[in-house]
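In our numbering, the protein residues as written are 553 to 1465.
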């Protein structure tokens, strides 16, 4: 007799190694042998899923598969899992009754002589021997072999355990694979002993389910193993599949607490507690209220139990593996998710009372503020006089531990408590020294939602942020709006400033001017450009304001002017602003307002090509920002300084600053600044003649770029591609289909540079001379409109490219030399102009041996091998370097020698002898 396999979708499992080991027992049964396997694993490790995958594979191999499942309620039923499995074995003449051999076995199980406890040892042994023979007789009905899987055998009834002991010690030959799945920590001693004996004597195999590896976690989540979220979920789940899927679902859910209370996975965990009787259930709920660690005395106090009863209850919880030993004398839940689910399922009113009892017990025990805070915050509407102090101390402690989200939680709880029950608390939270470090730490971690919630609470707490219309309130609003804008919450930042402008009583005239300036500053910090007309009006509005505020308005005016190409207006405004801010420098660190203005001034000066002043103002702001811990200003400041260092030719400083900028921007979730840091680093490495693997990858021709790029970062990446000799990729980045810019067209102050790079890419990639000339004309027009020396230098470079495209090498060399005079000494653009001038001059008629003399030793080696017709990979193998390094050397060789192909290089080498 055989059972037809039902084709279904194979259950997925990432435990392929363990599945292969189980399949060996299946293969033994298919070959007519007998084998038992112990499948051991903690709750949630995937035993049931693995059995489902095994059953599917076994059916495909032609085996009959029977499956029994033990439950706590079924422990009172003799041979419950075996009877369940056997009655699912259909007869040949149709469903509804077990096959004749199986039916006889089921009747024999029901006639257990030991049921009344009167059978002696010999009778029981004879009966179990008879059952074993009957199981063997059943195998005739499974000619392809029989796979018998018994799951959750830690709940097996004593009679089943006794029969399993015999089947493990003396496996049934004839084609039986027996798989016994259980939780070792919860299994009865006699089952564990029987399985261990089978493994030791070689009649059974042991397959244990360890924690998932990081690679398995990634496969289960369908996410890259390098993704921070994958690594974090792997650590939090401890490699347990059930907890992993629960945590991943909670991140996607709109209401995670509700998911833990009623979700499917939560129900699986809570099912382990459904048979808990009083006082065990009360002890479990009390332990969930107490937190991560607890002991007998604390559980007794919170649950309201006698100590002996609490001790016995915890013993039962430990026997069920719901709790485990932590440090000596204390216990903890098997996993924090189990505690979370129990806590969420507890009655809210009982829970609040339990927290009050826990608060009293922890206070008497001398617990720390961090341990007291959860009970203070959740004990309902009956605060005690010391509660505010406890929550504030807990916030500070969590901040020092590097847990800004927990610090914000306790600070928020304190603010709400002070607002709802000011008379009961008896104390008052006041001052920015408490909340400011928490806001900055949240910002540094990129927790925009946490910042948003905390800012709303702070603005509703006048004792902390000042009363409406006061200077303290305005200062708080300015700082908080800057933080919100830096996290991309510019609309909320503008609403905050608008509310302060409309507040009653109204702020003083000086504070009103500051708020008007801050409205435009918020746009800049959010990566936007204020309307120039607004900036011009702002200068007039702040004419009577204090010097600092007036300087901020001038900086905004200068920035808007330089971005729109009005260099003359920008020069006057930026010079006046710089003079004011320099005069206000008293040797002390710049305050928040001054730091923001110095940041904007530094960036505007960089766009003007004033790299010395830009570096000085940026470093001054950075020093103050580091000292105060203003995390919201670090990404733009570091990117500004990295760009300034790069443009000034200080490449080592550019690389180190860009690396730090990328790290803080990534932590803060600022993808725009991550992209700019990467672009600066790529350009600096290219200038040094290296092409690190971390460089941003250019998009394929005609395909949209997935990474967010600003016009400036696109220009920097294009420069790095040109330095590497990949003009086609640079062209694809800037102008994929020769119809429009891939990114937004560069702002007026950078337009000449953008068109020059297009012309350079066109020459490298063989674009027709007319197109190159058109880009050169546009560069000249843009440079003329701006009137800045650096941009005029780029226009001259573009002119040289156009001449080179027409074969006028000597004229091109002249343009390149003229451009060199306009660039900063040692700047990347200056170095490029110098190399282009040399290459064009040599190509125009310089002697070959003179040109070759300028090559380095390594470049001569690469040139010689390339001249022989060797490919880059062959040269790389010969010189033991990477092919990318060879291509970088060839790019510099072509530039120095004024050639554009290996054929021209070979001819030049031949002429030089």
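The beta-carbon is built from N, C-alpha and C at its ideal position, and this holds for glycine as well.
Model, not experiment: these values are computed from the prediction.
Which of helix, strand or coil DSSP assigns to residue i
i, result
"residue 1041", "coil"
"residue 1205", "helix"
"residue 729", "strand"
"residue 1197", "helix"
"residue 1136", "coil"
"residue 875", "strand"
"residue 1062", "helix"
"residue 663", "coil"
"residue 1170", "helix"
"residue 1437", "helix"
"residue 827", "coil"
"residue 1240", "coil"
"residue 1216", "helix"
"residue 1116", "coil"
"residue 686", "helix"
"residue 775", "coil"
"residue 592", "strand"
Nearest-angstrom Cα separation, counted from residue j out to residue i
i, j, result
"residue 1285", "residue 1116", "24 Å"
"residue 622", "residue 838", "29 Å"
"residue 1081", "residue 1462", "57 Å"
"residue 971", "residue 964", "11 Å"
"residue 603", "residue 661", "25 Å"
"residue 601", "residue 1052", "58 Å"
"residue 1281", "residue 1311", "13 Å"
"residue 625", "residue 704", "12 Å"
"residue 863", "residue 834", "12 Å"
"residue 1157", "residue 1106", "13 Å"
"residue 1456", "residue 1443", "13 Å"
"residue 1389", "residue 1267", "22 Å"
"residue 872", "residue 738", "6 Å"
"residue 1098", "residue 1063", "10 Å"
"residue 1039", "residue 1077", "9 Å"
"residue 1125", "residue 1338", "16 Å"
"residue 1437", "residue 1451", "19 Å"
"residue 1360", "residue 1049", "59 Å"
"residue 565", "residue 772", "8 Å"
"residue 1127", "residue 888", "59 Å"
"residue 1247", "residue 1217", "Note on residue 1247: pLDDT 47, under 50, position unreliable in the model; the coordinate value appears next. Using only the alpha carbons, I get a separation of about 17 Å."
"residue 1261", "residue 1224", "Model confidence at residue 1261 stands at a pLDDT of 46, short of 50, so the residue's coordinates are unreliable; what they give is reported in the following sentence. Each residue's Cα considered, the two are about 7 Å apart."
Closest residue to residue i among the options (Cα-Cα distance)
i, options, result
"residue 1429", "1008, 637, 1413", "1413"
"residue 870", "1281, 657, 847", "847"
"residue 1363", "590, 1348, 640", "1348"
"residue 1492", "741, 875, 723", "The shown model of the chain, from 553 to 1465, leaves out residue 1492, and the question about it has no answer."
"residue 788", "804, 766, 774", "766"
"residue 1171", "695, 1055, 902, 1186", "1186"
"residue 1190", "1179, 1228, 1042", "1228"
"residue 1308", "580, 1337, 1346, 1277", "1346"
"residue 1188", "579, 1213, 841, 1145", "1213"
"residue 620", "1331, 722, 730, 693", "730"
"residue 607", "698, 707, 744", "698"
"residue 581", "1150, 598, 783, 726", "726"
"residue 1411", "1440, 1421, 1425, 1220", "1440"
"residue 1037", "1159, 1418, 1070", "1070"
"residue 1313", "1329, 1271, 1143, 587", "1271"
"residue 1352", "1378, 1122, 1384", "1384"
"residue 1369", "1350, 1208, 1357", "1350"
"residue 1073", "1031, 1060, 1054, 757", "1031"
Residue-level contact to chain D via CB, residue i, 8 Å cutoff
i, result
"residue 821", "Looking at the structure shown, chain D is missing, and only one protein chain is on hand."
Assumed close pair residue i, residue j - CB separation to whole angstroms, cut-off 8 Å
i, j, result
"residue 1391", "residue 1317", "With 8 Å as the limit, residue 1391 and residue 1317 do not qualify as a contact, their Cβ atoms being about 17 Å apart."
"residue 627", "residue 717", "Residue 627 to residue 717, Cβ: 17 Å. No contact."
"residue 1066", "residue 1101", "5 Å"
"residue 590", "residue 854", "Contact flag wrong, Cβ pair sits at about 39 Å."
"residue 1330", "residue 1354", "Not quite, the Cβ-Cβ distance comes to about 11 Å (not below 8 Å), so this is no contact."
Distance cut-off 7 Å: residue i Cβ against heavy atoms of the ligand PLP
i, result
"residue 923", "This structure simply doesn't include the ligand PLP, nor any ligand for that matter."
Pick out the complete alpha helix (DSSP H) segments inside the stretch 1274-1351, 4 residues or longer, and give them in chain order. Fully enclosed alpha helix (DSSP H) runs of 4 or longer: 1279-1286, 1300-1317, 1321-1338.
Which ranges would you report for the beta strand (DSSP E) in the stretch 701-762 if only whole runs of at least 3 residues count? With a minimum length of 3 residues, the continuous beta strand (DSSP E) runs that stay inside the stretch 701-762 are 728-734, 756-760.
What alpha helix (DSSP H) runs, 4 residues minimum, are completely inside the stretch 915-982? If we require 4 residues or more, the alpha helix (DSSP H) runs fully inside the stretch 915-982 come out as 921-929, 939-952, 956-972, 974-977.
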